[in-house]
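There are 2 protein chains.
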Amino acid sequence: MARYEHIAGELRDAIIRGDHPIGTQLPTEAELASRFNAARGTVRQAVAVLVAEGLVGTRQGARRIVLGSERSQSFAELHSFAQWARSVGHQAGGLVLDSHRRPSTPSEAVRLAITPGEEVLVVVRLRRLDGEPVLVERTVYANWIAPAVEKLDPACESVTQELYEAVGLVFAYGEHLIDAVAAGAEDARLLGVRRGSPLLRQRRTTTSQEGRPVECSDDRYRAGSVTFSIRNSTTANSLVRRAGD
Amino acid sequence: MARYEHIAGELRDAIIRGDHPIGTQLPTEAELASRFNAARGTVRQAVAVLVAEGLVGTRQGARRIVLGSERSQSFAELHSFAQWARSVGHQAGGLVLDSHRRPSTPSEAVRLAITPGEEVLVVVRLRRLDGEPVLVERTVYANWIAPAVEKLDPACESVTQELYEAVGLVFAYGEHLIDAVAAGAEDARLLGVRRGSPLLRQRRTTTSQEGRPVECSDDRYRAGSVTFSIRNSTTANSLVRRAGD
DNA sequence: GAGTGGTCTAGACCACGTG
DNA sequence: ACGTGGTCTAGACCACTCT
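First to last, the protein sequences are chains A and B.
Going letter by letter, the first sequence gives residues 1 to 245 in full-length UniProt numbering.
Going letter by letter, the second sequence gives residues 1 to 245 in full-length UniProt numbering.
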C-alpha cells in the first residue's frame, strides 16, 4: 500500500473512531508529517483523499475541519448491486427475465459509441434484497461483450464479478442520471407496487478501464428501498443537476 | 489564477472544443509540461482536476483517456436553485408560503449540531422554473441565522446570494440524500400534480465555510423537471447508495 | 525494454486567517 | 506577525502497459 494511502487510512479510522469529532480541527500538516515521518507532500496527498470523500473540509490559511464520520463506499459498491448489498450486510438475489438481441437505437448507439443499428443485447433482470424485489434492471450490452453475458447463469448473483472472472472485464468509469418516474404496468407487476407509484430511476452508462463503453442501463428502484447519498463542497464535486429530458 | 488551474482550463477547453474527442488519448505529462513550460507536478495537478470532474480517466502505465466532454457544474450551481437555473439559461422564481419558529426535533438537532428542542426557523418555499412550479422546499434554519432569513424578501430569487450580501454567509459543504416519494396532498396542490404521483426528493444539510451547519431541507421536485447527474470512477467517487430509511 | 503514469522527497515562496 | 494551507519546482525511483 502506498504511503499516503496508509496515512489517509489512519486519519479516517481516527475520525470514525471519534478521536476527531465532527466540527473539530485536524492536526496541522507539519504535525502529521513528523508523526508519520513523511514529507509534507505525502501528507497533503493523504488529506486530499479525505477531502475528496467529503470527510474533511479545507480552506487556505485555516486549520482543516472534520465534516463527517461515515465511510463512503467505493465505485464497485456503487456499480454492482451485489457488492453493494454485501457491503451493507444484505443478501442480493437476481433473475434474468428476458434476454434478446436487437438493432441498437440511435441514442443507445451514441452512449455505447457504436454505429446506429449495430446489434445489441438487451437483458431484463429482477433484483432482490433479502428476498424482497427492489429493482428492475433493463440493461443494453454492446455486441462485443454480448457472448460473455449470454453465457452467465440466469440466477447469477453478481454480474460484475462473473464477467471479471470469465473474460477479465473490469468496469472503471460510470455516468449516472437520477430522477423519479411512475411505475409502468410491467414495473408494477415485478416490484409488487401499484401502477403509477413512484420509482427511483438510475440511468447509467459504464465504461471499461480502456475507456470503451460496455453497457447502458435503465434501473428502477422501488421507493423506500434505496437512497443515493452525495457529499460535495466548493472544492470537490461530482454531482450535477440537469433540466428534465 | 493558479498555474495548474490555467492548464486545466486549457485542456478542458480543448476537450470541449473537440481537439481531443471522447475515447482518444491525452498528451503525455512530459509533453504538456514542456508545452506549458511547467514542472511535472504542476501538470499532474491540472490533470487531477479533470480526473475529478470525470472528463478524463487514468491508469498507471497507460496514456490518459478522454471520457466525456460536458462541463460539470459547480457547488454553487448545485446548492442554489437560482444560480443553477441561471447557468442553464432558465429563469428561477420563488415565493415563501410559510415561515414560523418551533422547537427542533431530535433528528434536526443532530443534523444542525444544536441541542434538541432549541428553536429553529421553518420556511416553506415554492420555486418556479420559467414560471412553472417545479419544486417545494421545506427548509429548517438554525437559530443563529434565522433573523437574517426572516428579513429576506418573500419573493427573493436567490436566498444563497441574499444571505451572502446581507451577513456574509458562505455555504461551502453539503450532504445530499436522494430518493423518490409519492406526492402528499400539499405537494400535489402546490406542484399541480395528482396525489401519489412520483416526486424526486433531495434531503440536504448545508454547512458554512467554518464547518457550522446552517440549514437542512427537504426538497421535492416534480417528476421530469430535474435530473441529477454523477460521474464516478474507481479512483474518484463521491456518490453512495444507501438502504432505505 | 522503452514509455508512461504513480509515489515520494526537500525546499521555496505565496495567500489567507486569526489573534 | 505568525501560523497554516496552497502552489510550484526538480529530481529520484517504482509499477505498470504496450509492443
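We put the CB at the ideal spot given by N, CA and C, even for glycine.
This one's a predicted model, so the numbers in the text were calculated from it and none came from an experiment.
- Range covered by the beta strand (DSSP E) that runs through Pro198/B: Position 198 of the second sequence, counted from the first residue, corresponds to residue 198/B. Start and end: Pro198 to Ser208.
- Could you give the DSSP three-state label for Val140/A: helix, strand or coil? Here residue 140/A corresponds to residue number 140 of the first sequence, with the count starting at 1. Judged by DSSP in its simplified three-state form, Val140/A adopts strand.
- Item | Length of the line joining the Cα atoms of Glu119/A and Glu150/A | In the first sequence, counting from the first residue as 1, residue 119/A sits at position 119. In the first sequence, counting from the first residue as 1, residue 150/A sits at position 150. Each residue's alpha carbon lies about 14 Å from the other.
- Message: Using only the alpha-carbon positions, how far apart do Asp219/A and Gln202/A sit?
- Response: Position 219 of the first sequence, counted from the start, is the residue given in the question as residue 219/A. Position 202 of the first sequence, counted from the start, is the residue given in the question as residue 202/A. So the two alpha carbons sit approximately 5 Å from each other.
- Thinking Leu135/B and Phe81/B are a contact (beta carbons under 8 Å), I'd like their distance in whole angstroms, please. Stepping through the second sequence from its first residue, residue 135/B is reached at position 135. Stepping through the second sequence from its first residue, residue 81/B is reached at position 81. That pair is a contact at about 7 Å.
- Cutoff 8 Å: Glu175/A Cβ touching any chain B Cβ: For this step, residue 175/A is matched to residue 175 along the first sequence. Chain B, which has a Cβ nearer than 8 Å to the Cβ of Glu175/A, makes this yes.
- Coil, strand or helix - Pro154/A by DSSP: Taking the first sequence and counting its residues from 1, the one referred to as residue 154/A is at position 154. Residue state, collapsed to three classes: coil.
- If you follow the alpha helix (DSSP H) that Glu10/A is part of, which residue opens it and which one closes it? On the first sequence, position 10 is the one that residue 10/A refers to. That run of the alpha helix (DSSP H) goes Arg3 to Arg17.
- Query: Alpha carbon to alpha carbon, how far is Ile7/B from Glu70/B?
  - Reply: Counting from one through the second sequence, the residue named residue 7/B turns up at place 7. Counting from one through the second sequence, the residue named residue 70/B turns up at place 70. Cα to Cα, the separation comes out at about 18 Å.
- Would Val66/B be called buried (16 or more neighbouring beta carbons within 10 Å of its own) or exposed? Along the second sequence, read from residue 1 onward, the residue named residue 66/B stands at position 66. Burial call: buried.
- Which two residues bound the contiguous alpha helix (DSSP H) that contains Val43/B? The residue you call residue 43/B lines up with position 43 of the second sequence. For Val43/B, the enclosing alpha helix (DSSP H) has its first and last residue at Arg40 to Glu53.
- Task: Give the interface partners of residue 249/B over in chain A, defined as CB-CB distance under 8 Å, in chain order.
- Result: What the structure shows of chain B is the stretch from 1 to 245, and residue 249/B is not part of that stretch, so it cannot be assessed.
- Message: Using a Cβ-Cβ cutoff of 8 Å, what residues of the region 73-97 of chain A are near chain B? List them in chain order.
- Response: So the close ones are Gln73, Ser74, Phe75, Ala76, Glu77, Leu78, Trp84, Val88 and His90.
- Query: Can you find at least 3 beta carbon pairs, one from the region 212-229 of chain B and one from the region 167-183 of chain A, that sit closer than 8 Å?
  - Reply: Because the criterion of three Cβ pairs below 8 Å is met, the region 212-229 of chain B and the region 167-183 of chain A touch.
- Distance cut-off 7 Å: Thr105/B Cβ against heavy atoms of the ligand FMN: The model depicted lacks the ligand FMN and carries no ligand whatsoever.
- Item | Given Ser72/A as reference, the closest of Arg59/A, Arg64/A and Glu53/A once Cα atoms are compared | Here residue 72/A refers to the residue found at position 72 of the first sequence. For the options Arg59/A, Arg64/A and Glu53/A, the alpha carbon positioned closest to that of Ser72/A is the one of Glu53/A.
- What three-state label does DSSP hand Leu26/A in the structure shown? Here residue 26/A refers to the residue found at position 26 when the first sequence is read from its first residue. DSSP places Leu26/A in the coil class of the three-state scheme, outside both helix and strand.
- Query: DSSP beta-bridge partners for Val123/A?
  - Reply: If you number the first sequence from 1, residue 123/A lands on position 123. Ser99/A and Thr139/A, per the DSSP bridge assignment.
- Query: Val159/A to Pro198/A, Cα distance in whole Å?
  - Reply: Counting from one through the first sequence, the residue named residue 159/A turns up at place 159. Counting from one through the first sequence, the residue named residue 198/A turns up at place 198. Cα-Cα distance, rounded: 27 Å.
- Task: Could you list which residues in chain B have their beta carbon closer than 8 Å to that of Ser233/A, in chain order?
- Result: By 1-based counting over the first sequence, the position of residue 233/A is 233. Result: Phe75, Ala172, Tyr173 and Gly174.
- Query: What separation, rounded to the nearest whole angstrom, lies between the Cα atoms of Val123/B and Ala166/B?
  - Reply: By one-based count along the second sequence, residue 123/B stands at place 123. By one-based count along the second sequence, residue 166/B stands at place 166. The alpha-carbon atoms of Val123/B and Ala166/B are separated by roughly 18 Å.
- Query: So what does DSSP say about Ala172/B, is it helix, strand or coil?
  - Reply: In the second sequence, the residue the question calls residue 172/B occupies position 172. Here DSSP, grouped into helix, strand and coil, assigns Ala172/B to strand.
- Task: Tell me whether the beta-carbon of Glu29/B lies closer than 8 Å to the beta-carbon of Val43/B.
- Result: What you label residue 29/B is simply residue 29 of the second sequence in a count that begins at 1. What you label residue 43/B is simply residue 43 of the second sequence in a count that begins at 1. Yes, the pair counts as a contact, with Cβ atoms nearer than the cut-off.
- Task: Note the first and the last residue of the continuous beta strand (DSSP E) segment covering Pro213/B.
- Result: As a working note, residue 213/B is residue 213 in the second sequence. Its beta strand (DSSP E) spans residues Pro213 to Arg222.
- Task: Show which residues of chain B have a CB atom less than 7 Å away from the CB atom of Val181/A.
- Result: Start at 1 with the first residue of the first sequence, and residue 181/A comes out as number 181. Using a Cβ-Cβ cut-off of 7 Å, Val181/A is close to Pro198 and Ala223 of chain B, given in chain order.
- Message: Can you find the residues in the same chain that come closer than 6 Å, C-beta to C-beta, to Thr24/A, ignoring five residues on each side of it along the sequence?
- Response: Along the first sequence, one-based indexing puts residue 24/A at 24. The residues Val66, in chain order, have a CB closer than 6 Å to that of Thr24/A in the same chain once the five nearest residues on each side in sequence are set aside.
- Message: Excluding the 5 residues flanking Gln91/B on each side, which residues of the same chain have their C-beta closer than 6 Å to its C-beta?
- Response: What you label residue 91/B is simply residue 91 of the second sequence in a count that begins at 1. Excluding residues within five positions, the ones whose Cβ falls inside 6 Å are Asp130.
- Can you pull the DSSP bridge partners for Glu31/B? On the second sequence, residue 31/B is found 31 positions in, with the first residue counted as 1. Glu31/B pairs with nothing; no bridge assigned.
- Task: Name, please, each residue of chain A whose Cβ falls closer than 7 Å to the Cβ of Gly211/B.
- Result: Position 211 of the second sequence, counted from the start, is the residue given in the question as residue 211/B. For Gly211/B, the residues of chain A that pass the 7 Å Cβ criterion are Gly23, Gly57, Ile65 and Leu67, in the order they occur in the chain.
- Message: Based on DSSP bridge pairs, tell me the residues matched to Ala180/B.
- Response: Looking up residue 180/B in the second sequence gives position 180. For Ala180/B, which the question treats as bridged, DSSP gives the partners Leu200/B.
- Round the Cβ separation of Gly68/B and Arg231/B to the nearest angstrom and send it over; I've been treating them as touching at under 8 Å. Along the second sequence, read from residue 1 onward, the residue named residue 68/B stands at position 68. Along the second sequence, read from residue 1 onward, the residue named residue 231/B stands at position 231. Sure, about 7 Å apart at Cβ, within 8 Å.
- Message: Quick check on the DSSP output: the alpha helix (DSSP H) that includes Ala62/B runs from which residue to which?
- Response: As a first step, residue 62/B must be located in the second sequence, where it is residue number 62. Here Ala62/B belongs to no alpha helix (DSSP H), and DSSP marks it neither H nor E.
- Query: Which partner residues does Ser233/B have in the DSSP bridge list?
  - Reply: As a first step, residue 233/B is located in the second sequence; it is residue number 233 there, counting from the start. Ser233/B pairs with Tyr173/A.
- Between the region 99-132 of chain B and chain A, which residues of the former have a C-beta closer than 7 Å to a C-beta of the latter? Identification of residues in the region 99-132 of chain B having a C-beta nearer than 7 Å to some C-beta of chain A yields Ala113, given in sequence order.
- Are the region 105-121 of chain A and the region 182-193 of chain A in contact at 8 Å, needing three or more beta carbon pairs? No, the region 105-121 of chain A does not touch the region 182-193 of chain A.
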